[in-house]
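Going by full-length UniProt numbering, the sequence shown opens with residue 1, and the numbers climb by one from there.
Note that CB positions come from ideal geometry on N, CA and C, so glycine has one too.
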Amino acid sequence: MSDSNFLKMVWMPLVLSRKLKSAQQSLGEVTEAFDQLNNQVPESLRMLWSEQQTKALNDWLMDPHAMDIYDVQLEKEMNLINQPQDWLRGSATWLVKPLKVEEAQIMLAIDACQANTSGTENQQLSIAR
C-alpha cells in the first residue's frame, strides 16, 4: 500500500526522459511557428515592443505602472468574463443546463409537497399549471 511514492520515484527518470524527448521534438515545430508569426509583424512595431519591454523591465521597481504594457491579455480575459453566457457552447455548459432543469424540478416537487399538505387552493392550482 505504501509503495506508491516509491514507485513514482522509480519511474520518474523514464517519465522525465520521455517528456524531454517530446519537448525536444516539439521545439523545432514551435520555433518555426514563432518565426513565421514574428516575420509577419512589421519591423517598426517589433522595435516599439522591444523598447517598451526594456523600459518596463528597467522601471518596474520604481514605478509598478510601467508593467501596464502587459495588461492587454488581462483586458481580453475580462471582456470574455463579462460577456453573456449564451456564447458558451462547451461541454461544461452542456452539463450545467440539465442540472439547472433538475434543480428546478426538485424545487417544484418540494413546493408541490408543501402545497398538498398545507397549501391553499390558489397555490395548488399554480403548481398544477
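Original post:
From what residue to what residue does the alpha helix (DSSP H) around Ala23 run?
Top reply: For Ala23, the enclosing alpha helix (DSSP H) starts and ends at 4 to 40.
Original post:
Under three-state DSSP, which class holds Leu74?
Top reply: Legend: pLDDT at Leu74 = 48, less than 50; position of this residue unreliable, no value from coordinates given.
**OP:** Indicate the three-state DSSP secondary structure (helix, strand or coil) for Leu61 in the structure shown.
**Re:** coil
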